[in-house]
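Written out below as structure tokens is the structure these notes cover.
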Ligand SMILES: [Zn+2]
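Residue numbers (the working numbering): 78 to 404.
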């Protein structure tokens with residue numbers, strides 16, 4: 078039995094897993110890397126070391142040969158070429174990870190942006206099982222999304238499709254990290270929710286998005302109001318998104334989505350105010366199911382989704398097409 082490695086590369090951690098076709102990883106590792114301070118060479122070395130560690134574990138379990146590596150990276154990726162065009166908070170710009178790791182490990186390597194990887198995971202094993210078209214929105218420190226349309230991951234012509242966090246909802250609004258004003262991210266990201274809460278309290282209160290949601294769930298009016306306002310703006314953005322794309326389902330993941338009903342109840346209440354009656358009636362808005370495992374699970378699915386991987390495996394292992402002779 079062959080296995081696949083899924084790697085989820087983040088700013089401070091690399092998560093990896095060994096998969097044989099299910100959402101359950103046979104080996105899970107999580108390596109603290111502090112990649113935000115690392116050079117490109119250090120990040121690549123950390124990734125290689127993590128892959129080798131996973132291969133060692135897999136060989137200890139006797140589960141066969143590695144057939145491919147899937148890698149999710151936060152940022153813009155040209156998946157066809159395997160190039161990370163620009164990664165958020167990581168020194169990975171214009172780097173061909175596919176070539177790099179295929180050369181090192183002699184198996185196909187598929188690279189994709191982390192939100193798209195999460196969308197694949199939720200479609201295969203999570204909240205969007207069986208859906209051919211879905212929007213997967215991740216709300217944490219930033220806000221991103223991955224789209225699957227007619228069964229295919231949609232990247233856009235310049236590989237930047239799905240930047241919902243930087244759709245502008247109020248041009249006179251707060252300054253966003255991207256340099257524009259009033260982007261969705263300025264209304265709903267974790268840090269912005271905390272700032273909105275502190276503005277209401279008129280003091281700096283030491284809270285996290287998690288404790289804020291706990292306060293809302295416990296009935297604290299200011300915390301409830303913060304989530305309600307965020308939900309209203311998110312409903313507006315989602316309604317616009319859905320008006321254009323008409324997906325079957327919207328899945329919301331990331332740290333802020335863990336707030337649960339204090340976010341989702343007002344979101345479902347406001348959505349019909351902005352969406353068409355048909356969209357409001359038909360499109361489901363649900364929390365993600367895979368949590369922070371979606372990155373590793375989805376990365377492993379990249380290899381399964383890769384149409385060229387079989388041919389790539391043959392060529393990388395030096396097998397000629399058809400005759401099977403080694404060259
Ligand atoms: Zn922005």
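Glycine is no exception: its CB is placed at the ideal position from the N, C-alpha and C atoms.
Values in this document were obtained by computation on a predicted structure and should not be read as measured data.
Residue i, buried or exposed, once every other Cβ within 10 Å from all chains shown has been counted against 16
i	result
residue 206	exposed
residue 190	buried
residue 316	buried
residue 185	buried
residue 99	exposed
residue 276	exposed
residue 138	exposed
residue 279	exposed
residue 122	exposed
residue 321	exposed
residue 403	Note that residue 403 has pLDDT 33, beneath the 50 cutoff, so the model's placement of it is unreliable and the number below is only indicative. Exposed, because fewer than 16 other Cβ atoms sit within 10 Å of the Cβ of residue 403.
residue 292	buried
residue 296	exposed
residue 118	exposed
residue 370	buried
residue 136	exposed
residue 110	buried
residue 410	Because the chain here runs from 78 to 404, residue 410 falls outside it and cannot be looked at.
Contacting residues, own chain, Cβ-Cβ under 6 angstroms from residue i (five flanking each side not counted)
i	result
residue 356	319
residue 269	263
residue 373	83, 85, 92, 94
residue 253	260, 262, 263
residue 232	238
residue 127	91, 93, 108
residue 361	326
residue 228	209
residue 221	192, 215, 242
When the options are compared against residue i, the one with the closest alpha-carbon
i	options	result
residue 107	93, 99, 118	93
residue 145	180, 313, 170	180
residue 151	135, 141, 140, 168	168
residue 288	265, 335, 371, 379	335
residue 265	217, 187, 162	217
residue 351	371, 381, 338, 312	312
residue 332	286, 306, 338	286
residue 246	303, 314, 234, 304	314
residue 164	147, 188, 177	188
residue 115	130, 87, 129	87
Contacts around residue i, its chain only, beta-carbon distance under 8 angstroms, and the 5 residues preceding and following it disregarded
i	result
residue 208	200, 225, 324, 325, 326
residue 158	173, 175
residue 330	195, 199, 213, 214, 215, 216, 364, 365, 367, 368, 371
Cutoff 7 angstroms; reference residue i; Cβ partners in own chain excluding five residues on either side
i	result
residue 308	340, 343, 344, 347
residue 250	258, 259, 263
residue 132	143
residue 202	100, 367, 374
residue 140	78, 80, 97, 103
residue 134	95, 104
residue 284	271, 274
residue 120	112, 167, 168, 169
residue 198	367, 371, 374, 375, 378
residue 393	179, 183, 184, 185
Residues bridged to residue i (per DSSP)
i	result
residue 222	214
residue 143	80
residue 345	The partner list for residue 345 (beta bridge, DSSP) is empty, contrary to what the question assumes.
residue 155	160
residue 148	84, 188
residue 407	Residue 407 lies beyond the range of the chain shown here (78 to 404); nothing can be said about it.
residue 90	109
residue 252	258
residue 331	BP columns for residue 331 are empty, so no partner.
residue 354	For residue 354, which the question treats as bridged, DSSP gives no partner whatsoever.
residue 243	Looking at the DSSP assignment, residue 243 forms no beta bridge with any residue, so it has no partner.
residue 338	Per DSSP, none; premise fails for residue 338.
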